[in-house]
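Chains as they are written, first to last, in full-length UniProt numbering: chain A, 1 to 579; chain B, 1 to 557.
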């Protein structure tokens with residue numbers, strides 16, 4: 001990709017990010033209104049308080065008409081009101097952020113699930129996308145958007161109040177206010193890019209840490225933990241540098257803002273200092289109070305702008321996050337994630353016939369196709385064993401039947417109906433699947449089996465556990481089926497974990513059984529026992545088994561048909577196993 | 001709470017003390033400059049009002065000092081910018097180091113794997129909990145130092161003019177300064193809940209994505225989404241409570257600052273004409289200090305969040321290591337690498353049946369010992385004991401004459417390499433994965449190892465060859481390919497002792513035969529402990545042992 005393409009890409013990402021944020025903001029419009037209104041009311045309370053304090057001060061200085069304890073009490077009351085409004089505003093902002101966050105997180109997670117196991121990004125990176133990037137969007141809705149609206153409305157109200165006291169002062173404030181966005185904009189050039197890089201660095205850190213942490217034993221046994229710590233340290237330092245780059249922009253914006261505030265204050269002080277000095281000689285009038293009022297309004301004028309500057313990096317962060325999320329969330333309405341296309345299954349048929357006709361599958365156009373015109377048919381009650389070298393296309397057949405991939409040519413039919421018409425999750429309702437290495441979740445054995453069919457009774461779960469041989473080892477554990485296992489099956493051997501997967505398949509009780517080298521990681525003795533259970537699982541169902549030659553040649557699957565495939569094509573017709 | 005935070009400062013951030021203190025010092029300077037700016041403005045207004053009757057020698061000298069500061073005053077925005085930059089830089093440096101510390105501790109404490117811990121939760125600790133520590137410095141210590149300086153300066157300056165005015169103004173400000181300490185305990189529960197839900201949320205994403213194939217196969221994606229939404233709602237509720245604590249703190253801060261402001265005015269009203277100038281000065285000083293002190297009580301929630309995060313970090317990092325490093329390492333390195341096991345006794349837990357009850361085993365240098373036995377007979381446990389992933393409850397293991405218990409784990413692992421059943425490929429290139437075993441190995445050595453593991457042809461056929469990325473846990477390769485790469489990695493290791501735990505799993509029969517027949521050549525001169533379910537007759541071991549009933553019995557094939 002040339003640099004021009006990269007620039008165009010960034011521009012497209014930026015535009016997509018803007019659209020994503022705008023859509024999400026529209027969806028939560030009503031929730032955003034409340035904090036803005038409360039903030040505005042707070043500004044009005046501050047104006048009233050400033051007026052009362054100005055009158056008090058003028059009286060103190062002997063420059064104004066009498067004012068005393070009543071004004072003091074009034075100022076105190078408005079101060080309290082302002083604090084109450086501030087509290088309410090914060091609460092309302094929090095709610096607005098929460099709602100937006102929940103909607104977007106749901107949509108992003110659904111997309112990652114849909115993308116399926118073929119998504120090449122490490123889990124840690126995908127997690128950062130759903131957790132950290134979405135959290136970063138919260139600030140956009142709870143702080144930036146209200147602050148941006150308030151930065152327009154509240155200073156205008158203050159400037160108006162100042163102009164009523166002294167038109168020139170109002171104009172000075174207005175001018176200063178107009179300078180603020182200019183300063184922000186100038187310091188923010190290239191900031192979106194910086195924010196995006198910051199998130200990329202965070203994502204890399206998450207991805208790397210999660211991956212390496214899962215393989216800690218491997219690192220430790222090779223004495224490489226220190227080398228990995230150094231590499232991880234480099235990624236962590238990269239995150240620091242990227243974060244500082246974003247913050248530097250935000251700090252510059254704040255500094256610019258403070259300079260403008262100081263200049264405005266100085267201008268007003270010069271203008272009114274002279275007026276006050278003049279007033280000292282003349283009889284008490286309203287002019288001094290008005291001059292003081294204008295001066296006291298300066299903090300109220302800049303408070304919302306200060307909030308704007310403080311929330312500016314939230315906007316940068318959100319832009320960066322949205323740019324990364326936009327490709328994932330696409331143009332879907334974030335409040336209503338579009339359901340995956342495809343038909344629903346009225347009911348699971350009792351038996352299925354699977355037909356492949358000239359099926360083609362291409363993962364990467366640069367490489368030869370994974371399947372290149374594969375045809376076969378499996379009837380109910382029949383077991384088809386696919387054999388062939390690694391990479392021959394055995395797993396691809398199962399992936400297609402699991403809906404993880406869609407064929408690029410040819411036709412796959414179940415009971416004569418094209419499977420691509422079905423929604424992938426519906427397709428999976430037909431089948432039970434045992435892969436090369438089952439993933440066990442951190443839960444009890446019982447819960448891990450129940451995953452396959454949550455509504456199953458205890459008796460059904462236990463029957464499945466017995467059928468798969470889980471009971472044989474669970475019986476020896478102090479807590480039986482209620483023994484807790486760790487993520488990835490910690491506490492169990494590879495063979496025991498696979499048995500849990502087979503128990504899931506028994507419990508699922510579907511007409512189609514898909515097995516992808518379920519014994520690939522097992523020692524030969526355990527393997528033989530596994531095949532015994534698997535053979536019982538396949539009885540009376542349609543079964544497709546990807547397996548290396550040994551199992552197919554041995555008596556593991558007596559009565560099965562064997563189809564050898566190479567380079568995504570069938571080598572000859574299926575023959576009986578053991579032949 | 002205080003102990004955890006003190007530990008963060010004293011233990012984790014000690015190396016950054018200079019930078020952190022420097023940042024705080026600049027913050028103090030910026031706060032004092034702000035006070036000077038408005039004190040001068042206040043005097044100007046009072047003077048313009050014709051009430052410049054500011055008597056007293058002390059005050060005059062004080063004001064003279066202030067006048068000297070005048071040229072510095074425009075530096076204030078610059079000082080604020082420098083403060084933010086320096087404090088954040090110092091913080092993020094400290095946080096980056098904290099992440100490293102966390103990883104090192106995990107590697108030290110969990111060498112045998114995560115066990116029952118959730119990977120997603122640990123990721124949350126590394127990312128979110130470490131990040132929450134920033135509140136300790138950025139929102140409590142730095143503003144605290146600036147606020148303390150401001151309160152002291154105000155009390156001093158006003159105290160010279162009118163002690164009672166000084167008391168009336170400084171008291172509410174001092175309360176604001178102390179508020180975080182009073183408010184933090186009340187926010188601690190919400191903070192702990194928020195930190196825990198952060199971890200739970202991450203686990204709710206990591207879990208189904210890691211087992212995505214099984215999740216989808218079970219049609220469990222809806223349940224996973226519901227769990228995520230639930231975790232998200234719990235986090236939002238906790239964050240809302242914590243934010244409310246913060247907002248209440250903010251309101252309290254505002255209230256105290258307003259009280260100081262009104263106290264100054266009230267004092268002016270009560271004192272009459274003489275009080276005008278000091279009251280004005282007080283008013284402007286309070287306005288100057290308002291930003292720093294008004295935000296102080298908010299620091300209570302930030303402190304609570306930082307403390308909760310620190311607690312979670314220490315909780316995970318303070319697990320005792322399964323095998324403590326020797327207090328007094330063996331004086332001499334082991335001579336040679338003969339392994340001798342005598343009367344070994346071991347059980348994984350007191351309530352689990354013992355795995356070994358008096359095991360004796362010898363692996364002389366260069367020997368090729370096959371250890372057989374059904375699953376659960378302790379074959380892999382033996383490997384764990386030899387690699388110091390677990391410590392025996394009785395008996396002795398020696399390596400080259402030195403007791404394993406007196407050798408540092410790294411020294412043992414440098415001499416014994418192991419292909420474990422759960423050997424993992426990382427999301428990196430094939431070359432990088434292989435070089436874990438021998439960082440300096442040249443490409444030719446990598447190819448030799450790949451040949452020996454019968455996977456070279458396959459790697460050669462890949463368009464990117466050795467530079468092909470493996471994906472997480474070898475996800476981009478088939479199971480058999482990944483296992484063979486792990487085998488190649490073990491063979492590449494220069495360690496003189498090699499433990500191969502079911503090296504042929506994932507190989508088909510012919511490849512298995514070929515590999516085991518040539519194992520001699522691949523491991524020439526090294527001791528090999530071959531852990532297998534059964535022998536197929538081509539291995540030519542020098543000894544065959546069968547593990548039965550916690551002992552090793554000599555056997556034949």
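Idealized CB from N, CA, C, for every residue including glycine.
Being a predicted model, the structure only gives us computed values, none of them experimental.
{"Check": "Per-residue DSSP class, three states only, for residue 319/B", "Outcome": "coil"}
{"Check": "Residues near residue 282/A by beta carbon distance below 6 Å, same chain, minus five either side", "Outcome": "Because the pLDDT at residue 282/A is just 48, under 50, the model does not fix this residue reliably, and the value given afterwards should be weighed accordingly. Excluding residues within five positions, none has a Cβ falling inside 6 Å."}
{"Check": "Reference residue 473/B; option with closest CA among 450/A, 452/A, 437/A", "Outcome": "437/A"}
{"Check": "Cβ neighbour criterion (16 or more within 10 Å) applied to residue 135/A", "Outcome": "buried"}
{"Check": "Closer than 8 Å to chain B by CB, residue 243/A", "Outcome": "yes"}
{"Check": "Anticipated Cβ contact below 8 Å, residue 312/B with residue 125/B, distance rounded", "Outcome": "5 Å"}
{"Check": "Buried/exposed call for residue 212/A, threshold 16 Cβ in 10 Å", "Outcome": "buried"}
{"Check": "Proximal chain B residues relative to residue 301/A, where beta-carbon distance stays under 9 Å", "Outcome": "Those within 9 Å of residue 301/A in chain B number zero; the least Cβ separation is about 14 Å."}
{"Check": "Residue 584/A at chain B interface by Cβ criterion, 8 Å", "Outcome": "Residue 584/A lies beyond the stretch modelled for chain A, which goes from 1 to 579, so this question has no answer here."}
{"Check": "Residue ranges of each alpha helix (DSSP H) within the stretch 261-306 of chain B, 4 or longer", "Outcome": "276-295"}
{"Check": "C-alpha gap between residue 72/A and residue 296/A, whole angstroms", "Outcome": "15 Å"}
{"Check": "Interface flag, residue 41/B vs chain C, CB-CB below 8 Å", "Outcome": "Looking at the structure shown, chain C is missing, and the protein chains on hand are A and B."}
{"Check": "Check whether residue 386/B and residue 397/B have beta carbons under 8 Å apart", "Outcome": "yes"}
{"Check": "Residues from the stretch 388-400 of chain A in contact with chain B, defined by Cβ distance under 8 Å", "Outcome": "390, 391, 395"}
{"Check": "Beta-carbon gap between residue 333/B and residue 389/B smaller than 8 Å", "Outcome": "no"}
{"Check": "Neighbour flag for residue 144/A against chain B, beta carbons, 8 Å", "Outcome": "no"}
{"Check": "Exposed unless 16 or more other CB atoms sit within 10 angstroms - verdict on residue 172/A", "Outcome": "buried"}
{"Check": "Residue 425/A at chain B interface by Cβ criterion, 8 Å", "Outcome": "yes"}
{"Check": "Neighbour list for residue 93/B in chain A, Cβ cutoff strictly below 9 Å", "Outcome": "237, 240"}
{"Check": "Short CB-CB distance (under 8 Å) between residue 456/A and chain B", "Outcome": "no"}
{"Check": "Own chain, CB closer than 6 Å to residue 259/B, minus 5 neighbours either side, in chain order", "Outcome": "172"}
{"Check": "Opposing strand residues paired with residue 203/A [DSSP bridges]", "Outcome": "Bridge partners of residue 203/A: none, in fact."}
{"Check": "Endpoints, beta strand (DSSP E) assigned at residue 129/B", "Outcome": "Unbroken run through residue 129/B: none, as it is neither H nor E."}
{"Check": "Entirely enclosed alpha helix (DSSP H) segments - the stretch 489-521 of chain B, minimum 4 residues", "Outcome": "509-517"}
{"Check": "Residue 408/B, buried or exposed, once every other Cβ within 10 Å from all chains shown has been counted against 16", "Outcome": "exposed"}
{"Check": "Short Cβ contact (8 Å threshold) for residue 441/A with residue 207/B", "Outcome": "yes"}
{"Check": "Positions along the stretch 531-547 of chain B whose CB lies within less than 8 Å of some CB in chain A", "Outcome": "532, 533, 534"}
{"Check": "Local conformation of residue 357/A per DSSP, three classes", "Outcome": "strand"}
{"Check": "Closer than 8 Å at the beta carbon, the chain B residues around residue 219/A", "Outcome": "107, 436"}
{"Check": "Beta-carbon proximity of residue 142/A to residue 93/A, cut-off 8 Å", "Outcome": "yes"}
{"Check": "Between the CA atoms of residue 63/A and residue 288/A - distance to the nearest angstrom", "Outcome": "6 Å"}
{"Check": "Per DSSP, the bridge partner or partners of residue 546/B", "Outcome": "372/B, 553/B"}
{"Check": "Beta carbon proximity, residue 483/B to chain A, threshold 8 Å", "Outcome": "yes"}
{"Check": "8 Å Cβ cutoff, residue 140/A in contact with chain B", "Outcome": "no"}
{"Check": "Cβ-based burial, residue 144/A [other Cβ within 10 Å; buried from 16]", "Outcome": "buried"}
{"Check": "Interface flag, residue 113/A vs chain B, CB-CB below 8 Å", "Outcome": "yes"}
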